[in-house]
Structures are given as C-alpha cells and as structure tokens.
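Quick note on numbering: the sequence shown equals residues 9 to 233 in my numbering.
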Amino acid sequence: MGSLQQIQAAAQSIIEICQKDLATKADKEKLLKLQGEIFTGIENLVECEICGSITDLIVTMTLAEVTAKVCTPCGIHALEVGKIQRRTVRRRSKKKTGSTTVPAKATTEKPKKKVESTSQPSNAATAAKSKKRMESSMTLPKAAPTARKASINSSTDTAELYEEVEKQTGLKKTEIKRLHKMIEEIASPMNLEHTVLYVTHEAGLAKLKIEPEVLGEAVKLLMDK
9 MGSLQQIQAA AQSIIEICQK DLATKADKEK LLKLQGEIFT GIENLVECEI
59 CGSITDLIVT MTLAEVTAKV CTPCGIHALE VGKIQRRTVR RRSKKKTGST
109 TVPAKATTEK PKKKVESTSQ PSNAATAAKS KKRMESSMTL PKAAPTARKA
159 SINSSTDTAE LYEEVEKQTG LKKTEIKRLH KMIEEIASPM NLEHTVLYVT
209 HEAGLAKLKI EPEVLGEAVK LLMDK
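This is the structure:
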C-alpha cells in the first residue's frame, strides 16, 4: 500500500470513529495511532521535480548530465525521449509605459545649476558628519553586555520552568527538555489539545515512556509559560 492510500485508509478509519454515537478511551488510543500513521505517510511523500506531483514512488534518474527525482510516469517518459525536462516557472515581463520614456531635450541646464550649488558641502558640515560617525562607532560595543544579560535571564527562566515541571509531574529534566523541544519545533501554532496529540505522537516515535496524563500536564505547563 502506498503512502497516499495509507493516509486515505487512516483518514477513513478516523471518520468512522468520529461518527460513533459514543466514543470510548480505546477509540481515543486508536485515533492517536491513526494520527501517527498519517504523519508517517506524509513524511514519506516526495515531490516529483518534473510534474510536481507528490508520491512515495520516487527514483533519482540521470540523463544527459541532468539529475532529478522523478515519479514513475515521468521516469518512463524521460527514458522514451532520452532527456529530463524540469519544470520552468514563467516570469511575467514588465510592461513598458509611455511615461517612462523622457526625451533627451527635457534635461536642461537648470538642474545642473542646482547640482553644482549643492554638490560641495561646507567643511563644517563634513566635520560634523565625521564626528557623528566616530561617536556612533564608539558606542556600539556597549550593546554587548545587554545581549549577554538577556541571554542569562532567558537561561535562568528556562531552568526554573524545568524545575517547576519536574516537581509537578515527576519527569526527569532530560525528558522535559525533549518535550519542550518538540513543542518549539511545531511550525504553526496549535491549541493545547492538538499540541498534546502531536507531542504524544512524537514522544512515541522517540520511545519516551511517559503516561498520557503526565505528558498532557507537562505540555500544559510548558505552553502556559
């Protein structure tokens, strides 16, 4: 069974469970397992560099010094024509408008006079600008202690957070750090329930033996802070 078929089958099973009049704790465990199968199937999908379709049946092919990851139909077609033709993105050409063309006679001697009158700044203005540049360059190193102080405070807050989670859940700090990292690696923000489901799946893949209730409490504490 391919990855897309696996995802479809898992999704259909989830729909059947959700359509029950009364779902149980066992159904919840099945949903978590099906969610893991869907995540695994999605991770196995790869984009074909010729047609752009996603599939798990991808091969790397080289023809006429061109290498690409292709799906089965595109691979067969490339063998038939003897070359790999990648997708090309069409760029819209900028339209030229009549307002952008200026006749040569439009530039008179008047602008030249303005340039000549403002092109040579006074010595006093030049000295003032040089002094400002020197003062700004001399004050830059003062920002470093502030950055180091912020980094120290952030590390202290994180350590205190781990200690609080450890006291309330009984988990080891190494386990708490791994759970925190899983939460930080989530690409788009999710609510607490979805975050718990995602971290439960990732913890299962990482073979972390944590009770679901304890894991949910740890995720809640880490997200609240």
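Positions of the beta carbon are idealized from the N, C-alpha and C atoms, including for glycine. From a predicted model like this one, the values you see are computed outputs, not experimental measurements.
In the DSSP output, which residue or residues are listed as bridge partners for residue 69?
Beta-bridge pairing by DSSP links residue 69 to 76.
Considering only the alpha carbon of each residue, which of 29, 201, 66, 88 lies closest to residue 224?
Ranking the options by Cα distance to residue 224, first place goes to 201.
Buried or exposed, going by whether 16 or more other CB atoms sit within 10 Å of the CB of residue 11?
By the C-beta density criterion, residue 11 is buried, having at least 16 other C-beta atoms within 10 angstroms.
Neighbourhood of residue 53 by C-beta, 8 Å cutoff - its chain only, sequence neighbours within 5 removed
Same-chain partners within the cutoff: 11, 12, 62, 63, 64.
So what's residue 92 in DSSP terms, helix, strand or just coil?
If DSSP states are grouped into helix, strand and coil, residue 92 belongs with coil.
Tell me whether residue 164 sits in a helix, a strand or coil according to DSSP, three-state version.
Reduced to three states, the DSSP call for residue 164 is helix.
State the Cα-Cα distance for the pair residue 44 and residue 209, rounded to the nearest angstrom.
Rounded to the nearest angstrom, the two C-alpha atoms are 6 Å apart.
Starting from the Cα of residue 74, find the closest Cα among 55, 66, 94 and give me that residue.
Among 55, 66, 94, the Cα nearest to that of residue 74 belongs to 94.
If we ignore side chains and look at the alpha-carbon of each, how far apart do residue 67 and residue 18 end up?
Pairing residue 67 with residue 18, the inter-Cα distance amounts to about 26 Å.
Integer-rounded CB distance, given that residue 182 should sit under 8 Å from residue 222:
About 15 Å; that fails the 8 Å criterion.
Following the continuous alpha helix (DSSP H) through residue 29, name the residue where it begins and the one where it ends.
Neither: residue 29 is in no alpha helix (DSSP H) and is coded neither H nor E.
In terms of residues, what are the limits of the alpha helix (DSSP H) holding residue 46?
First-last of the alpha helix (DSSP H) with residue 46: 33 to 51.
Can you check which of these residues, 184, 38, 77, 15, is closest to residue 50 by C-alpha distance?
With distances taken between Cα atoms, residue 50 lies closest to 15.
At the level of alpha carbons, what is the spacing between residue 230 and residue 83?
If you take the alpha carbons of residue 230 and residue 83, they lie about 48 Å apart.
For residue 38, collect the residues of the same chain with a Cβ closer than 7 Å to its Cβ; drop the 5 residues on either side in sequence, then sort them by chain order.
Within the same chain, residue 38 has close Cβ partners 25.
Out of 199, 175, 170, state which residue places its alpha-carbon closest to the alpha-carbon of residue 189.
The shortest Cα separation from residue 189 among 199, 175, 170 belongs to 170.
Mark residue 59 as exposed unless 16 or more other C-beta atoms lie within 10 angstroms of its C-beta, in which case mark it buried.
With fewer than 16 other beta carbons inside 10 angstroms of its own, residue 59 counts as exposed.
Which partner residues does residue 225 have in the DSSP bridge list?
Per DSSP, none; premise fails for residue 225.
Using three-state DSSP, classify residue 58 as helix, strand or coil.
Coil.
CA nearest to the CA of residue 195, picked from 207, 184, 185
Checked all of 207, 184, 185; the closest Cα to residue 195 is 207.
Burial state of residue 232, where buried means 16 or more other Cβ atoms lie within 10 Å
When all chains shown are included, residue 232 counts as exposed.
Inter-residue Cα distance where the pair is residue 88 and residue 71
Going by the C-alpha atoms only, they are around 11 Å apart.
Let me check understanding here. Comparing Cα to Cα, which of 34, 165, 213 lies closest to residue 187?
Comparing C-alpha distances from residue 187 to each of 34, 165, 213 shows the shortest one belongs to 213.
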